[in-house]
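Heads up: the sequence shown is residues 25 to 228, going by the numbering used here. Beta carbons: idealized from backbone N, C-alpha and C, even for Gly. Below is one structure; the comments refer to it alone.
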Amino acid sequence: MTNKGLFITFEGADGCGKTTQINLLNEYLKQKNYNTFLTLEPGGSDIGKNLRQILLHHEGFVSDTAELLMYLADRAQHVEAVIMKNVNEGKIVLCDRHIDSTVAYQGYARGGDIEKINQLNEIATQGFKPDVTFVFDVDSEIAQERVGKNKDRMEKEGIEFHKKIRFGYLELAKKYPNRIKVINSNLPIDEVFEQVKKIIDEIL
Ligand code: TMP
Numbered sequence: 025m026t027n028k029g030l031f032i033t034f035e036g037a038d039g040c041g042k043t044t045q046i047n048l049l050n051e052y053l054k055q056k057n058y059n060t061f062l063t064l065e066p067g068g069s070d071i072g073k074n075l076r077q078i079l080l081h082h083e084g085f086v087s088d089t090a091e092l093l094m095y096l097a098d099r100a101q102h103v104e105a106v107i108m109k110n111v112n113e114g115k116i117v118l119c120d121r122h123i124d125s126t127v128a129y130q131g132y133a134r135g136g137d138i139e140k141i142n143q144l145n146e147i148a149t150q151g152f153k154p155d156v157t158f159v160f161d162v163d164s165e166i167a168q169e170r171v172g173k174n175k176d177r178m179e180k181e182g183i184e185f186h187k188k189i190r191f192g193y194l195e196l197a198k199k200y201p202n203r204i205k206v207i208n209s210n211l212p213i214d215e216v217f218e219q220v221k222k223i224i225d226e227i228l
């Protein structure tokens with residue numbers, strides 16, 4: 025590892041178990057004395073916290089374009105104010121969702137133009153890319169059960185929407201095999217984490 029740090033992103037459909045895994049990895053790296061920084065999208069910056077509230081809890085109509093641009097505004101602020109700074113300080117930045125969420129949700133699931141989303145992601149991130157991305161792949165039925173009854177605006181979309189998201193992530197993994205590692209997340213938590221640990225141990 026160089027002194028520039030690392031940028032690792034965690035992706036998957038709602039209920040895939042990635043938030044549990046990001047916390048486990050954070051603990052594991054801290055025990056090994058790595059300097060980590062845990063963050064999320066949307067909501068990893070001050071402006072982002074307000075955008076997260078709108079994106080997940082606004083009750084009226086939200087246009088697909090407004091939704092897309094709010095996720096990107098959150099990302100632009102987060103990358104410049106938080107992510108780049110921490111990676112450049114030599115930290116391992118663990119980010120719960122990033123560019124691939126927009127391609128999977130606003131592209132594959134909502135039907136947005138993927139080429140345009142790629143261009144917007146490029147603008148929002150200033151070309152700053154994750155070193156590694158974990159995609160937690162889980163059967164859509166199991167994921168829906170894990171989400172439970174208390175659903176936010178995105179989670180309220182039905183199972184067909186979430187199947188498209190899963191398909192989108194698997195397509196992304198085929199397209200970027202060096203960056204994106206697919207983790208079988210149908211298994212118990214410790215077995216899922218074993219897969220993550222194996223990949224991380226190889227990188228560090
Ligand atoms: P989460 O923090 O619980 O994963 O919730 C974030 C929600 O926002 C989740 O349903 C995925 C969705 N999302 C998008 O639709 N597009 C994006 O670009 C991002 C970052 C998240």
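Burial state of residue i, where buried means 16 or more other Cβ atoms lie within 10 Å
i, result
"K188", "buried"
"P154", "buried"
"L228", "exposed"
"D38", "buried"
"F34", "buried"
"T26", "For T26, the pLDDT reaches just 46, beneath the cut-off of 50, and the residue's location in the model is therefore unreliable, although a value from the coordinates is still provided. That one is exposed."
"E113", "exposed"
"D120", "buried"
"E10", "Only positions 25 to 228 of the chain appear in this structure, which leaves residue 10 out of reach."
"T89", "exposed"
"N110", "buried"
"Q77", "exposed"
"Q55", "exposed"
"P66", "buried"
"Q150", "exposed"
Alpha-carbon to alpha-carbon, residue j and residue i
i, j, result
"A128", "D161", "13 angstroms"
"G41", "V103", "24 angstroms"
"R134", "R99", "19 angstroms"
"N57", "L49", "12 angstroms"
"G72", "M108", "16 angstroms"
"V117", "G68", "12 angstroms"
"V216", "N210", "8 angstroms"
"K28", "E179", "36 angstroms"
"K115", "Q101", "19 angstroms"
"P201", "K221", "18 angstroms"
"L30", "F152", "11 angstroms"
"S87", "E184", "20 angstroms"
"K173", "L80", "15 angstroms"
"F85", "K199", "34 angstroms"
"V171", "D163", "13 angstroms"
"I213", "R177", "26 angstroms"
"I166", "V159", "16 angstroms"
"K205", "H82", "33 angstroms"
"E181", "N47", "26 angstroms"
"E226", "V156", "12 angstroms"
"I223", "L93", "33 angstroms"
"N208", "T43", "15 angstroms"
"G136", "A105", "27 angstroms"
Check: residue i C-beta below 8 angstroms from any heavy atom of the ligand TMP
i, result
"Y95", "yes"
"P212", "no"
"G122", "Per the sequence shown, residue 122 should be read as His rather than Gly. Answer for H122: yes, Cβ within range of the ligand TMP."
"L79", "yes"
"L67", "A small fix is needed here, since residue 67 is Gly in this sequence, not Leu. Result yes, Cβ under 8 angstroms from the ligand TMP."
"Y129", "yes"
"A64", "According to the sequence provided, residue 64 is Leu. The question's Ala does not apply to it. The answer is yes for L64."
"T157", "no"
"S125", "yes"
"E179", "yes"
"D163", "no"
Inset, instruction - Spell out a yes or no on whether the region 111 to 130 and the region 183 to 198 are touching, meaning 3 or more CB-CB pairs, one atom from each, closer than 8 angstroms. - result: yes
Inset, instruction - For the region 136 to 152 and the region 53 to 68, state whether three or more C-beta atom pairs, one from each stretch, are separated by less than 8 angstroms. - result: no
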